[in-house]
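Numbering that gives the first Met the number 0 puts the last residue of the sequence shown at 164; the count rises by one with no breaks.
Each residue gets a CB set at the ideal place from its N, CA and C atoms; glycine is no exception.
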Amino acid sequence: MSDDHARIAAEVEATCRRYIADYPAALWLYLTEGNDIDYDALGFWSFPMMFVIGSPEGGSSVTVVDRDLFDAQVRAVYDQYYVDGWGGGLRLDSAKVSVVSPDVALIETSGTRFRSDGSKFNSWDSCYWMKRTAAGWKQFAVTDTEPPRPPAQEWVRWLRAAGGL
């Protein structure tokens, strides 16, 4: 890996780790106090954003969402998690960055959500598609599907074939 790729990978991973550290607190304030989620303050997303969601039955849906639609979808999911016992804890268990270009990278992640007593609530597995902006690395798409899913390099091949890179 070149020095540039290593530096980019470190920047993208740090951005993702900062998001994983800050986002649960914002969600918890929404769930317990009704506060709006301040997406600008969290600074992780670039809208509109492509959202690839897998279904337990197989297959997936692809949508392009603006901030309001994304917020409504996220709040609905976490409202149910809260009802089901999520206690606000979230841990990033793994992160693997694939550098596509100086301005695009993908980070495959997995993590665990926890109940208030510290027991495991559930796990998650996502691939965040990141682009460099004047304000730093921002997510422009997310693949929120459990493995098996195409590896990051297959997404890269697809993006290049579609003329997106």
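Entirely enclosed beta strand (DSSP E) segments - the region 87 to 119, minimum 3 residues: Complete beta strand (DSSP E) runs here, min 3: 103 to 114.
Beta-ladder partner(s) of R131, from DSSP: Locating residue 131 in the sequence shown gives position 132, counting from the first residue. Note: R131 sits in a beta bridge opposite W136.
Identified DSSP bridge partners for C126: Counted from its first residue, the sequence shown places residue 126 at position 127. Beta-bridge pairing links C126 to E107 and T142.
For T62: DSSP bridge partner residues: Numbered from 1 along the sequence shown, position 63 holds the residue referred to as residue 62. In DSSP, T62 forms a bridge with F50.
Cα-Cα separation between E12 and H4, rounded to whole angstroms: Here residue 12 refers to the residue found at position 13 when the sequence shown is read from its first residue. Here residue 4 refers to the residue found at position 5 when the sequence shown is read from its first residue. H4 has its alpha-carbon roughly 12 Å from the corresponding atom of E12.
For I36, the first and last residue of its enclosing alpha helix (DSSP H): As a working mapping, residue 36 is identified with position 37 in the sequence shown. Element bounds for I36: n/a, residue is neither H nor E.
Spatial neighbours of D65 in its chain, beta-carbon cut-off 7 Å, leaving aside the 5 residues before and after: Position 66 of the sequence shown, counted from the start, is the residue given in the question as residue 65. Once the five neighbours on either side are set aside, the close Cβ partners of D65 are F46 and P47.
Whether V51 touches D124 by CB criterion (8 Å): Position 52 of the sequence shown holds residue 51. Position 125 of the sequence shown holds residue 124. Not closer than 8 Å, so no.
Residue closest to E10, alpha-carbon to alpha-carbon, out of F69, E32, V98 and W44: As a first step, residue 10 is located in the sequence shown; it is residue number 11 there, counting from the start. The shortest CA-to-CA distance from E10 to any of F69, E32, V98 and W44 is the one to V98.
Bridge-paired residues (DSSP) for W154: In the sequence shown, counting from the first residue as 1, residue 154 sits at position 155. The bridge partners DSSP lists for W154 come to none.
Contacts around T111, its chain only, beta-carbon distance under 7 Å, and the 5 residues preceding and following it disregarded: Taking the first residue of the sequence shown as 1, we reach residue 111 at position 112. These residues qualify, in order along the chain: R90, D92, K119 and S122.
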